[in-house]
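Below is one structure; the comments refer to it alone.
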Ligand code: FNR
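Residue numbers (our numbering): 510 to 708.
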């Protein structure tokens, strides 16, 4: 069975190393995953005053998230946290209250950095956010990519066999996780994430 996976790239840079990583992951993904990018660069800055009458980019984004069987976040770490464009997209997708587009979607988080810890702190922040949004996450393997430019070609070919094996394995595990989650999730279920949990 084919699963439609929407992927979000957390960087808007035209030279993004995370976009290169995304291309590599698309190439290495098992056949049962159909990966399509969900763009985030056209979303306005989140303002809750606009929730009920948002820019057309917002419903377009939410529809794409909701139409996906699973979501993959491929993102840099900015100042030890989630890049603003990605957090902005997540905030839009989580609203208005009761219309959280991320609920019950199987998710994976992966990121590339020029630094040695390979986006680990960003991923930790993402896990908190996705937990609150009731989005199941692939726990293992973790994938903290310390980006080496010489390892990746323009179109996402991976020139180092060890890295290729690791990324292929990550995508196989993600595919198995998506299948597991969907096997126990009612199709089309739209859960609510109640922010008012402190009664
Ligand atoms: C960075 N970078 C960075 N790297 C890291 O490992 N941890 C961090 O906290 C940060 N913080 C940070 C903040 C800002 C504003 C920028 C622009 C960069 C460096 C980052 O890993 C590097 O620029 C990557 O190339 C960013 O990924 P993209 O945009 O190329 O996909």
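C-beta: ideal position from N, C-alpha, C; glycine also.
Residue 535 has its Cβ no nearer than 7 Å to any heavy atom of the ligand FNR.
If you draw a 10 Å sphere on the C-beta of residue 557, you find fewer than 16 other C-beta atoms in it, and that means exposed.
In the displayed model, residue 630 falls within a helix according to three-state DSSP. For residue 663, the shortest separation between its Cβ and any heavy atom of the ligand FNR does not lie below 7 Å. In this structure, residue 694 places its C-beta atom within 8 Å of the C-beta atom of residue 613. DSSP places residue 602 in the uninterrupted alpha helix (DSSP H) bounded by 593-602. Annotation: the stretch 561-588 contains the following complete segments of the alpha helix (DSSP H) (minimum length 4 residues), in chain order: 566-576. Looking at the backbone, the Cα of residue 552 and that of residue 623 are separated by about 27 Å.
At least one heavy atom of the ligand FNR is found less than 7 Å from the C-beta of residue 522. Taking 8 Å as the cut-off, the beta carbon of residue 617 is found closer than this to the beta carbon of residue 647. Annotated as distal: residue 684 and residue 572, with beta-carbon spacing of 8 Å or more.
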